[in-house]
Amino acid sequence: GFLTSEFQDPQFYETMEAALGAGAEAGGPTARYARVRIRAEAPVIFFGFLPTGQERKTAIEVAAVAGVSAPLCTACGIEPIAIAAADTSDSIDFGFVRGTRYTFGYQCTGGGVPSNLAGASGRIPYVLLNRYNEEATLYADESSQALRIGAQGMLPTSTPDNPASTDTYGRRACMTVNTAESIWASAAAPACNSNRAPPAVAAFTCGLAFRFDSSSVPSACASIADVEAIAALYTADPDITDIEDYTAYTGNGRRIITVAVVENVAAETLQPLGFRQFLLEPNADTGTLSPGDGNGRFNALYIGYPMPVRQGRFDGCSLTAGPGKVVLHQ
14 GFLTSEFQDP
24 QFYETMEAAL
34 GAGAEAGGPT
44 ARYARVRIRA
54 EAPVIFFGFL
64 PTGQERKTAI
74 EVAAVAGVSA
84 PLCTACGIEP
94 IAIAAADTSD
104 SIDFGFVRGT
114 RYTFGYQCTG
124 GGVPSNLAGA
134 SGRIPYVLLN
144 RYNEEATLYA
154 DESSQALRIG
164 AQGMLPTSTP
174 DNPASTDTYG
184 RRACMTVNTA
194 ESIWASAAAP
204 ACNSNRAPPA
214 VAAFTCGLAF
224 RFDSSSVPSA
234 CASIADVEAI
244 AALYTADPDI
254 TDIEDYTAYT
264 GNGRRIITVA
274 VVENVAAETL
284 QPLGFRQFLL
294 EPNADTGTLS
304 PGDGNGRFNA
314 LYIGYPMPVR
324 QGRFDGCSLT
334 AGPGKVVLHQ
């Protein structure tokens, strides 16, 4: 005879308890767990002579639940930038307000701090952490590396992640909480009134702009080595609209950045307290980012930690909040 199988459409849930039980389904950005059921017929070989096995087949059903893991202690492939916690006593959001639009501006010194971009209600100073790989062979120029990191996050590497070794910073694709990080050497904080972002920061923001449009190279990015070839590697997020509520976002995650939160971005050595996520927002006048901005500014909506990180580890720390990765729960 013929054996048949039936694959049910996946069901999505907001909590693991709902996915494992009979909870209500969820959809869109609120869905963090998925349950899949498959019902199939299997051949009966040894018990076909019994009355219950005359058809020589039996029905079996299996189910699996996958979803987001515990908060990650080590996050890989994220954006190597650090921001200072607005409130270190707040272990959930570090003092940031979900659904609030902030202007990220590069850390600078002295007077004349650049103002917020239009639509933002606060400024978040950030620094670029060292991921310049002097041993790279593909698109090895420093500006090319910063561009690619802005376009996709920390680059894959064959070097094992060793947070204890400061010599491997540039070749690491991961970041670990409570582990020392240093600022990219050529991205030291400039004077606020210089109106000139460090070259690595400018290249990084060019990469961020590719998440909105990589079909052409902005004039501010034209001097980056191999920029045309690198731009061709990336596609824009399908949803590049201005968004006030994250639940309305229908993109593929390209606009979501995962950043390290530290106590003080002005410190010589930085240690991530955890990781949080923001949704990049287009400038009101251009519909994309402005990589030529003299302070490396861009707007982003704080969203908490809804998006799973591509890879990482959740052992080695005791975080109670933060992004996880996709794992099989059952």
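Going by this note's numbering, the sequence shown opens with residue 14, and the numbers climb by one from there. No residue lacks a Cβ here, since even glycine has one placed at the ideal position from N, Cα and C.
If I measure Cβ to Cβ from residue i and keep anything under 7 Å in the same chain, skipping five residues before and after, which residues do I get?
i: Tyr262; result: Pro42, Asp252, Ile256, Leu292
i: Cys86; result: Thr189, Val190, Arg326, Phe327, Asp328, Gly329, Cys330, Leu332
i: Val126; result: Cys205
i: Pro212; result: Ser156, Ser199
i: Met29; result: Tyr46, Gly80, His342
i: Ile196; result: Val140, Leu141, Leu142, Asn143
i: Ile243; result: Tyr152, Ser157, Leu160, Arg161
i: Phe311; result: Phe117, Thr218, Leu221, Leu293, Leu302
Can you give me the Cβ contacts of residue i inside the same chain, cut-off strictly under 8 Å, excluding the 5 residues immediately before and after it?
i: Phe107; result: Ala98, Ala99, Asp100, Thr101, Val274, Leu286, Gly287, Arg289
i: Gly266; result: Asp250, Met320
i: Val272; result: Ile91, Glu92, Ile94, Ala95, Ile96, Tyr139, Phe288, Arg289, Gln290, Phe291
i: Glu241; result: Val230
i: Ala77; result: Arg48, Val49, Leu341, Gln343
i: Ala210; result: Tyr119, Pro203, Thr218, Asp306, Gly307, Asn308, Gly309
i: Gln284; result: Val190, Asn191, Thr192, Ala193, Glu194, Val275, Glu276
i: Lys338; result: Val81, Ser82, Leu85, Pro321, Val322, Arg323, Gln324, Gly325, Phe327
i: Pro304; result: Ala215, Thr218, Cys219, Leu221, Ala222, Pro231, Ala233, Cys234
i: Ser134; result: Thr113, Arg114, Tyr115
i: Val278; result: Ala95, Ile96, Ala97, Gln120, Pro138, Tyr139, Val140
i: Ser207; result: Cys121, Gly307
i: Thr170; result: Asn146, Arg184, Arg185, Ala186
Pick helix, strand or coil for residue i, following the three-state DSSP scheme.
i: Tyr259; result: helix
i: Pro56; result: strand
i: Met188; result: strand
i: Pro42; result: helix
i: Ser18; result: strand
i: Glu194; result: strand
i: Ala133; result: coil
i: Ala296; result: Checking the sequence, you will find Asn at residue 296 rather than Ala. Here Asn296 sits in coil by DSSP.
i: Glu30; result: helix
i: Ala76; result: strand
i: Cys86; result: coil
i: Asn206; result: helix
i: Ala249; result: coil
i: Ala47; result: strand
If residue i and residue j are in contact, beta carbons under 8 Å, what's the gap, nearest whole angstrom?
i: Gly118; j: Arg144; result: So it is not a contact: roughly 20 Å between Cβ atoms.
i: Ala186; j: Cys89; result: 5 Å
i: Leu302; j: Ile237; result: Not quite, the Cβ-Cβ distance comes to about 15 Å (not below 8 Å), so this is no contact.
i: Ala44; j: Ala37; result: Going by Cβ atoms, the distance from Ala44 to Ala37 rounds to 11 Å, so no, they are not a contact pair.
i: Ala313; j: Ile270; result: 7 Å
i: Glu74; j: Arg52; result: 5 Å
i: Ser11; j: Glu54; result: Because the chain spans 14 through 343 in this model, residue 11 falls outside it and cannot be assessed.
i: Gly40; j: Phe20; result: With a Cβ gap of about 19 Å, Gly40 and Phe20 do not count as contacting.
i: Tyr152; j: Asp239; result: 5 Å
Just curious, the alpha helix (DSSP H) that residue i is in, first and last residue?
i: Gln165; result: 155 to 165
i: Leu221; result: 212 to 222
Could you give the residue range of the beta strand (DSSP E) that holds residue i?
i: Ala242; result: It is not in any beta strand (DSSP E) - Ala242 instead sits in the alpha helix (DSSP H) that spans 240 to 244.
i: Ala35; result: Neither: Ala35 is in no beta strand (DSSP E) and is coded neither H nor E.
i: Thr271; result: 269 to 275
i: Arg111; result: Element bounds for Arg111: n/a, residue is neither H nor E.
i: Gly317; result: 311 to 317
i: Ala97; result: 94 to 97
i: Arg326; result: 324 to 326
i: Leu341; result: 339 to 341
If we cut at 8 Å on Cβ distances, does residue i have a partner in chain D?
i: Leu142; result: The structure shown has no chain D; it contains just one protein chain.
For residue i, which residues in the same chain have their Cβ closer than 6 Å to its Cβ, ignoring the five residues on either side in sequence?
i: Arg111; result: Tyr315, Gly317
i: Tyr247; result: Ala164, Phe223, Ser227
i: Gly166; result: Gly90, Ile91, Glu92
i: Asn129; result: Thr116, Arg136
i: Asp154; result: Ala238
i: Phe109; result: Ala99, Tyr315
i: Thr282; result: Ala193
Are at least three pairs of beta-carbons, each pair with one atom in the stretch 307 to 321 and one in the stretch 227 to 247, less than 8 Å apart? no
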